[in-house]
Amino acid sequence: METSVGLLQIVVLALIQGITEFLPVSSSAHLILPAALTDWPDQGLAFDVAVHLGTVVAVAVYFRQDLAGFAHSGVSLAMHRRWDENLDLLAKVGIATIPIVVVGFLFKTHIESHLRSTTIIAATTIAFGIALWVADRYRGEGATPSYLQATLIGLAQAIALIPGTSRSGITIAAALALGLTRHAAARFSFLLSIPAIVGAAFYTALDASPETPLPWIDLGLGFALAGASAFACIAMFIRFIERIGMTPFVIYRVLLGIALLALGS
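Quick note on numbering: the numbering used here labels position 6 of the sequence shown as 80, and the sequence is numbered without any gaps.
Printed below as a string of structure tokens:
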């Protein structure tokens, strides 16, 4: 049967997922803390799927105009064979998604078996935090990535399968290092998150038992909290990123990594 979880656990885990999914701070690093500091039971695969779907709905709602543009241009392509900048961006998102699909399919079991220790997550949290700081020093004025840049960002996203890396952190760092502005790097990273999160949720759902009774109220609450907090984080990050830069997130990651190292010692 699905393990019963308390209201506090639902709220905390849903907010952690929503807040950390799109900020460059590593959701997996944060999820260690409740497990290490409490005796909460495992929340179950169904809950993981619910909160991931909440975050993908949040990013889809925030970028609804972009998604509508993709759909409109898709119809235009089908009817008039007209290729435009919306389809160009969509193609780049598609190309950048391929590496994480391939690497995930080939190595996901190995990564989950050997790379989920507190020490590894702490080390990647610190190392890729510093990489984000370095990349931010090299940012340029690019508004959209080229096809080659999109491919390289996609390869960077595949590295995020290693816990502690942060999918948003590594893709934003790669985009900055390749010459995009902070705003453009964040936008492409968030658009890239849609297929990545949907794919991760689908893969997780495959491991769930279809005969397990589902706590729909818990799942609905987790979905709503994760979605609301994710939407708020996306909106604030996009609005203030050019002003605040990446340094606050780098400092936070380094401190979090040190705390995890201390916790694991």
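Don't be surprised by glycine CBs; every beta carbon is placed ideally from N, CA and C.
These figures come from a predicted structure and were not determined experimentally.
Item: Can you pull the DSSP bridge partners for Leu-254?; Value: Gly-216
Item: Taking all protein chains shown into account, decide if Ile-106 is buried (16 or more other Cβ within 10 angstroms of its Cβ) or exposed.; Value: buried
Item: Check Asp-122 in the structure and name its three-state DSSP category.; Value: helix
Item: What are the start and end residues of the alpha helix (DSSP H) that includes Ser-147?; Value: 138 to 154
Item: For the candidate residues His-146, Arg-211 and Ala-134, whose alpha-carbon lies nearest to that of Ser-263?; Value: Ala-134
Item: What does the alpha-carbon distance come out to for the pair Trp-114 and His-257?; Value: 38 Å
Item: Classify Met-320 as helix, strand or coil using the three-state DSSP reduction.; Value: coil
Item: According to DSSP, is Gly-80 helix, strand or coil?; Value: coil
Item: Can you give me the Cβ contacts of Ser-295 inside the same chain, cut-off strictly under 6 Å, excluding the 5 residues immediately before and after it?; Value: Reading the sequence as shown, one finds Leu at residue 295 and not Ser. The residues are Ile-84.
Item: Count the other C-beta atoms from every protein chain shown that fall within 10 angstroms of the C-beta of Met-320, then say buried if there are 16 or more, exposed otherwise.; Value: buried
Item: Does the beta-carbon distance from Thr-129 to Gly-331 come in below 9 Å?; Value: no
Item: Can you give me the C-alpha to C-alpha distance between Leu-161 and Ile-194, rounded to a whole angstrom?; Value: 39 Å
Item: How long is the line joining the alpha carbons of Leu-252 and Trp-207, rounded to whole angstroms?; Value: 14 Å
Item: Is Ile-174 closer than 9 Å to Gln-231 when the C-beta atoms are compared?; Value: yes
Item: Should Lys-182 go down as buried or exposed, given a rule of 16 or more other Cβ atoms within 10 Å for buried?; Value: exposed
Item: Of all the alpha helix (DSSP H) runs that stay within the bounds of the stretch 169 to 222, which reach a length of 4 or more residues?; Value: 192 to 211
Item: CA-CA distance, Ile-56 and Thr-239?; Value: With the chain covering only 75 through 339, there is no way to say anything about residue 56.
Item: Taking only the alpha-carbon atoms, compute the straight-line gap between Ile-246 and Asp-292 and give it to the nearest angstrom.; Value: 33 Å
Item: Would the stretch 151 to 166 count as touching the stretch 299 to 313 if we require 3 or more Cβ pairs under 8 Å?; Value: no
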